[in-house]
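All remarks here apply to the structure that follows.
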Amino acid sequence: MQVSVDFLTVTLCEKDNYRYGGRYHITNAAETKKVASDDLQTMGAIMEREAMEFDVVIVGGGPSGLSAAIRLKQLAAESGREIEVCLIEKGSEVGAHILSGAVLEPRSLNELIPDWKERGAPLDTPVTADKFMFLTETGSFRLPTPPQMNNHGNYIISLGNFSRWLGEQAEALGVEIYPGFAAAEVLYDDSGAVCGIATGDMGIGKDGEQTDMYMRGMELRAKQTIFAEGCRGHLTKTLFDRFDLREGKDPQTYAIGIKELWDIDPEKSKPGTAWHSVGWPLSTDTYGGSFLYHLNGNQVAVGYVVGLDYSNPHLSPFEEFQRFKTHPAVRGVFEGGRRVAYGARALNEGGFQSIPKLTFPGGCLVGCTAGFLNVPKIKGTHTAMKSGMTAAEAIFESLEAMQPGHEPASYAERLQDSWLWSELYKVRNIRPGFAKGLWRGMINAAIDTYLFMGRAPWTMRHHADHITLKTASEAPKIDYPKPDGVISFDRNSSVYLSGTNHEENQPAHLTLKDSSVPIEHNLALYDAPEQRYCPAGVYEIVREEDGSNPRLQINAQNCVHCKTCDIKDPSQNIVWVTPEGGGGPNYPNM
Ligand SMILES: Cc1cc2nc3c(=O)[nH]c(=O)nc-3n(C[C@H](O)[C@H](O)[C@H](O)COP(=O)(O)OP(=O)(O)OC[C@H]3O[C@@H](n4cnc5c(N)ncnc54)[C@H](O)[C@@H]3O)c2cc1C
Ligand code: SF4
Numbered sequence: 007m008q009v010s011v012d013f014l015t016v017t018l019c020e021k022d023n024y025r026y027g028g029r030y031h032i033t034n035a036a037e038t039k040k041v042a043s044d045d046l047q048t049m050g051a052i053m054e055r056e057a058m059e060f061d062v063v064i065v066g067g068g069p070s071g072l073s074a075a076i077r078l079k080q081l082a083a084e085s086g087r088e089i090e091v092c093l094i095e096k097g098s099e100v101g102a103h104i105l106s107g108a109v110l111e112p113r114s115l116n117e118l119i120p121d122w123k124e125r126g127a128p129l130d131t132p133v134t135a136d137k138f139m140f141l142t143e144t145g146s147f148r149l150p151t152p153p154q155m156n157n158h159g160n161y162i163i164s165l166g167n168f169s170r171w172l173g174e175q176a177e178a179l180g181v182e183i184y185p186g187f188a189a190a191e192v193l194y195d196d197s198g199a200v201c202g203i204a205t206g207d208m209g210i211g212k213d214g215e216q217t218d219m220y221m222r223g224m225e226l227r228a229k230q231t232i233f234a235e236g237c238r239g240h241l242t243k244t245l246f247d248r249f250d251l252r253e254g255k256d257p258q259t260y261a262i263g264i265k266e267l268w269d270i271d272p273e274k275s276k277p278g279t280a281w282h283s284v285g286w287p288l289s290t291d292t293y294g295g296s297f298l299y300h301l302n303g304n305q306v307a308v309g310y311v312v313g314l315d316y317s318n319p320h321l322s323p324f325e326e327f328q329r330f331k332t333h334p335a336v337r338g339v340f341e342g343g344r345r346v347a348y349g350a351r352a353l354n355e356g357g358f359q360s361i362p363k364l365t366f367p368g369g370c371l372v373g374c375t376a377g378f379l380n381v382p383k384i385k386g387t388h389t390a391m392k393s394g395m396t397a398a399e400a401i402f403e404s405l406e407a408m409q410p411g412h413e414p415a416s417y418a419e420r421l422q423d424s425w426l427w428s429e430l431y432k433v434r435n436i437r438p439g440f441a442k443g444l445w446r447g448m449i450n451a452a453i454d455t456y457l458f459m460g461r462a463p464w465t466m467r468h469h470a471d472h473i474t475l476k477t478a479s480e481a482p483k484i485d486y487p488k489p490d491g492v493i494s495f496d497r498n499s500s501v502y503l504s505g506t507n508h509e510e511n512q513p514a515h516l517t518l519k520d521s522s523v524p525i526e527h528n529l530a531l532y533d534a535p536e537q538r539y540c541p542a543g544v545y546e547i548v549r550e551e552d553g554s555n556p557r558l559q560i561n562a563q564n565c566v567h568c569k570t571c572d573i574k575d576p577s578q579n580i581v582w583v584t585p586e587g588g589g590g591p592n593y594p595n596m
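Following this line, the structure appears as structure tokens:
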């Protein structure tokens, strides 16, 4: 039984144990008491962090984490064993923070849930046509579709809805899923091995003091912890440092993807068409391009991806996207339509040579937090799922007799024997070839694909994205047109459509290592590029009326959790940490 008390759902128990149940619970089989919120807050203030024990804790409810959870439970059912698997998700529900293209290659899904059609998986739009275009400022011409972008047999989907469906499958198998809780801290045992995570305290004010809503975080302890945080995972970054997981690997490289969903004129709808472009509006020294997917129901998913190794600090990925939609080749699709959703998310592009060591004592990394996206395909969902499934298999085989601090090393070995490894190996030289511009990149991609068949006797290297900016005076200014409010829009009205919401009275989740850097370094050298690369208008340089006294204003409540600032800030001074669970975008079907 549960009773609502102001902000909590509370049930009191004999042992005074605390349990999570999507909300904060105090469980009691025997009786339920109504607890005054005052009493609860007093208890919250004095209580130690409570702990719950599981076999496996998974951080992140995207395709990789959910696939790991499902596979673990499937294996347990096949061998007639009971295992406890818990998954936490920082979004208000599974799918709320998921943003993707998305064309799904169903290979991993076929392996994981072969009867997905009968189970009603939301794969409603098979790809029927592929188009790859080059845009000039006023014209366009069709390019041959690279083999990696042939989408025959794939489906245009909403990855958010697909993740929701995976979440239902996982829950049906007995996975405990707790949305609305962010893993804020990794827990280590006495030997230094990972032994779980802790959720953040709730109800801490901007000033760092407890508010009336204070509630202590919770420890979720496990024999194994799987980190499935997606691209640029916040806790994963701390694991990289702690266990030297990136030693001897190339730096990870990234792109920002900005996306809108449009309801379009039914007469213009071509369900199943997957359309991509390179060229205008980006200059040829910047990696990027568009995607435009026609879904069933007269909807179009349109987005723009810009490699975060761009060098011009005046560039604004958001404005490039808005400009792209005005091109004559696509403008007509949107005319008479209505934009219904907006969002942004970073994606990783380092590929094979940037994959870190995947395991450490007590756990492992799966999906895009490790970096399994196949860049030429612009697909990471099937690889994220495969890595989650493989990690689950490696963990399950030794779970019964597992000692604390076990490192699931066979996960990496199994992955190296799987199709995922050879798939990423074959395309490893394509993305770094674009570091020298579009044309050299295209020629390199053609030679690597058709002549060497992905087996060139060399591997091209990557550089970190935050070191690539020229200074503002060295780079040409870009004059972006004003949004027309019909096809192109400003940041504020866009963020509104992302449903983003954060508790305002909480410590900043966009933290600065040194508060002088934004003005003395970033503004002075690069004209404060965070004003332009942030797709949500979080960073603003504000001044007095006479233009003096510039300061960086951080509108953290607008943050859509894309992680671009954490990646691109030239001195790595911005550190994204998890805000209170449930905060952030509320994407309906991105
Ligand atoms: C613009 C764009 C277009 C793309 N197009 C395609 C495409 O067409 N096809 C394709 O296959 N792939 C595409 N991708 C890539 C694909 O979306 C990713 O590869 C895939 O989502 C990775 O899955 P994941 O589970 O690793 O991470 P995610 O899908 O990012 O999921 C991670 C989850 O973990 C949660 N989380 C993170 N940190 C915490 C924490 N500390 N505590 C609790 N929860 C946490 C997040 O809220 C999120 O729900 C695209 C990506 C982008 C950005
Ligand atoms: S503040 Fe950072 S993470 Fe948030 S939307 Fe802006 S760039 Fe993305």
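Each number in this note's numbering corresponds to the 1-based position in the sequence shown with 6 added.
Beta carbons: idealized from backbone N, C-alpha and C, even for Gly.
Use the C-beta contact count for residue i: other C-beta atoms within 10 angstroms, 16 or more gives buried, fewer gives exposed.
| i | result |
| --- | --- |
| G349 | buried |
| P128 | buried |
| N564 | buried |
| I473 | exposed |
| K569 | buried |
| Y161 | buried |
| V336 | buried |
| W464 | exposed |
| G254 | exposed |
| A74 | buried |
| G239 | buried |
| P334 | exposed |
| P541 | buried |
| L529 | buried |
| D45 | Low local confidence applies: a pLDDT of 46 at D45 is under 50, so the model's placement there is unreliable, with the coordinate-based value given in what follows. Label assigned to D45: exposed. |
| H469 | exposed |
Apart from the five residues on each side of it in sequence, which residues of its chain come closer than 7 Å, Cβ to Cβ, to residue i?
| i | result |
| --- | --- |
| P185 | G28, G67, E95, G97, S98, E99 and V100 |
| W427 | L421 |
| G543 | R497, N498, V501, N561 and N564 |
| D136 | T151, M155, N156, N157 and A280 |
| G50 | Note that G50 scores 45 on pLDDT, short of 50, meaning its location in the model is unreliable; the coordinates nonetheless yield the value given after this. The residues are Y220, M221 and R222. |
| T144 | P334 |
What does a CB cutoff of less than 6 Å around residue i pick up in its chain, not counting 5 residues either side in sequence?
| i | result |
| --- | --- |
| S404 | none |
| L165 | I104, S106 and A108 |
| F187 | I94, T205 and G587 |
| N450 | G439 |
| S504 | Y348, G349, V566 and P591 |
| L444 | T290 |
| F60 | E90, C92 and A228 |
So, at 8 Å on beta carbons, what are the nonlocal neighbours of residue i in its own chain, with the 5 sequence-adjacent residues on each side left out?
| i | result |
| --- | --- |
| V381 | E355, G357, V433, I436 and R437 |
| P482 | N318 and H320 |
| G126 | W171 |
| G214 | P513 |
Terminal residues of the continuous beta strand (DSSP E) containing residue i?
| i | result |
| --- | --- |
| E266 | Y260 to D269 |
| D218 | Q216 to M221 |
Do residue i and residue j have their C-beta atoms closer together than 8 Å?
| i | j | result |
| --- | --- | --- |
| V91 | L78 | yes |
| M596 | S70 | no |
| N579 | K488 | no |
| T244 | E235 | no |
| F649 | P287 | The structure shown has nothing for residue 649, since the chain only spans 7 to 596. |
| P323 | I384 | no |
| L353 | C201 | no |
| Y293 | D271 | no |
| S360 | T455 | no |
| T506 | A190 | no |
| E225 | L179 | no |
| Y545 | E551 | no |
| P410 | A199 | yes |
| R345 | E273 | no |
Am I right that residue i and residue j are in contact with their C-beta atoms under 8 Å? What's the rounded C-beta distance?
| i | j | result |
| --- | --- | --- |
| K212 | P524 | Wrong, their Cβ atoms sit about 19 Å apart, outside the cutoff. |
| I76 | A176 | 5 Å |
| V308 | W268 | 6 Å |
| C370 | I547 | Contact doesn't hold; Cβ gap of about 41 Å is too wide. |
| G285 | P132 | Not really, about 28 Å apart at Cβ, beyond 8 Å. |
| G447 | E509 | Actually they do not touch by this definition, with Cβ atoms about 44 Å apart. |
So the alpha helix (DSSP H) residue i belongs to, where does it begin and stop?
| i | result |
| --- | --- |
| C571 | T570 to K574 |
| F233 | No alpha helix (DSSP H) contains F233, which is instead part of the beta strand (DSSP E) from E225 to F233. |
| R538 | E536 to Y539 |
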